[in-house]
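Residue numbers (the UniProt record's numbering): 1 to 89.
The beta carbon of each residue, even a glycine, is placed where N, CA and C say it ideally should be.
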């Protein structure tokens, strides 16, 4: 039920009533019951391990995506990969 409530409140059309868009900002989202026990400090300090890390052969490897999603993605995005725009993302 908590996840359903979180999603419902994030999808409110009126930005003035949407979770995270009021005066409470991101703190309001972080304090939602669904995130109880989540270590936000560890996230900011990059100390959390991802629950799943796909195997890739290099920065342009898109083998984990369907062919329809793959079309020219390496060529189209290579300028971002080579410039390091997403280095710390």
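Check	Outcome
Option nearest residue 87 by Cα separation, candidates 44, 59, 25, 21	59
Coil, strand or helix - residue 30 by DSSP	helix
Residue 20 and residue 28 closer than 8 Å at C-beta	yes
Residue span of the alpha helix (DSSP H) that contains residue 19, given as start and end	Here residue 19 belongs to no alpha helix (DSSP H), and DSSP marks it neither H nor E.
Inter-residue Cα distance where the pair is residue 5 and residue 66	32 Å
Spatial neighbours of residue 40 in its chain, beta-carbon cut-off 6 Å, leaving aside the 5 residues before and after	30
Three-state class that DSSP yields for residue 50 in the structure shown	coil
Reference residue 7, options 25, 34, 16, closest by Cα	34
Alpha-carbon spacing of residue 61 relative to residue 49, whole angstroms	21 Å
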